[in-house]
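Down below is the structure, laid out as structure tokens.
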Amino acid sequence: MVVTSSRAAAIRYKKAFDRYIEQHSEYGFIHSLVAFSGKMTGKQVMHRDDSEFKDDVFIVDENEEFTEQSMNPDVQGQDLRFAFDRPEYRVMLVADKFQTGFDQPKLVAMYVDKKIANHVEIVQTFSVSTGRRPVRMRSLSSTL
Numbered sequence: 001m002v003v004t005s006s007r008a009a010a011i012r013y014k015k016a017f018d019r020y021i022e023q024h025s026e027y028g029f030i031h032s033l034v035a036f037s038g039k040m041t042g043k044q045v046m047h048r049d050d051s052e053f054k055d056d057v058f059i060v061d062e063n064e065e066f067t068e069q070s071m072n073p074d075v076q077g078q079d080l081r082f083a084f085d086r087p088e089y090r091v092m093l094v095a096d097k098f099q100t101g102f103d104q105p106k107l108v109a110m111y112v113d114k115k116i117a118n119h120v121e122i123v124q125t126f127s128v129s130t131g132r133r134p135v136r137m138r139s140l141s142s143t144l
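In terms of the working numbering, the sequence shown is numbered consecutively and its last residue is 144.
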């Protein structure tokens with residue numbers, strides 16, 4: 001699981017991840033899901049530096065619309081919690097949704113690309129990746 005900083009970031013991660021897999025056939029068996037609420041337009045997804053790139057994966061039309069359903073067409077509207085159980089889905093990219101309260105035995109790693117607001121959210125987020133499995137923790141710093 002990759003926890004992104006925003007819905008726009010989740011969409012950009014999904015586009016980049018899918019492009020990478022498409023260009024590297026040895027990873028063709030890996031598919032991703034993206035989870036976010038609501039609808040985003042291309043204008044909302046664009047980054048101020050996008051104009052510096054030509055033919056880049058992040059270039060989108062301002063009027064393009066992105067929804068969870070349109071970005072996960074193969075699940076055909078199925079609840080993503082259940083779709084993620086399918087063997088081809090190995091990565092879930094999220095924007096808040098499923099960051100906490102997502103009990104999925106298949107989830108073995110979590111990458112957090114956002115600042116976590118407080119200690120409670122840190123514990124809740126970490127609990128998603130550990131579930132009921134035994135955990136060995138090692139502190140990399142003396143502060144959170």
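From the three backbone atoms N, C-alpha and C, an ideal C-beta is built for every residue, glycine too.
About 5 Å separates the beta carbon of V112 from that of V3, a gap short enough to meet the 8 Å contact definition. The three-state secondary structure of F36, taken from DSSP, is coil. Cβ-Cβ distances below 7 Å link Q69 to G77 in the same chain, with the five nearest sequence neighbours on each side left out; the list follows chain order.
DSSP, read as helix, strand or coil, puts R86 in coil. Contact between E88 and H31 holds, with the beta-carbon distance rounding to 5 Å and staying under 8 Å. Per the C-alpha coordinates, the member of E121, P73, K39 and D18 positioned closest to G28 is D18.
No Cβ-Cβ contact shorter than 8 Å links F66 with I116.
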